[in-house]
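In my numbering, the protein residues as written are 1 to 82.
Even glycine gets a Cβ: it sits at the ideal position worked out from N, Cα and C.
Report on the following structure.
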């Protein structure tokens, strides 16, 4: 079991933003980068349609040519004793 700051790690969310507005996320089982949050921010330009899930089950799309950035967030579960 992986832990992060005394919490059980359930997975990782890659949050997508356009102009500072949250668009949606993709859930991963393993991190795709070393740094989390603002420090791990990466800037991209979409080369194809990207379909994302939003809170509440809605779907969002990023169109080809749109600029966006991503941040990796740790999804934690219950607190564990170390």
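Check: Local Cβ density within 10 Å of residue 28, reported as buried at 16 or more and exposed below that; Outcome: exposed
Check: Candidates 56, 49, 18: closest to residue 71 by CA position; Outcome: 18
Check: Backbone CA spacing between residue 49 and residue 61 [nearest angstrom]; Outcome: 7 Å
Check: Terminal residues of the beta strand (DSSP E) in which residue 43 lies; Outcome: 42-45
Check: Bridge partners - residue 28, DSSP secondary structure assignment; Outcome: 12
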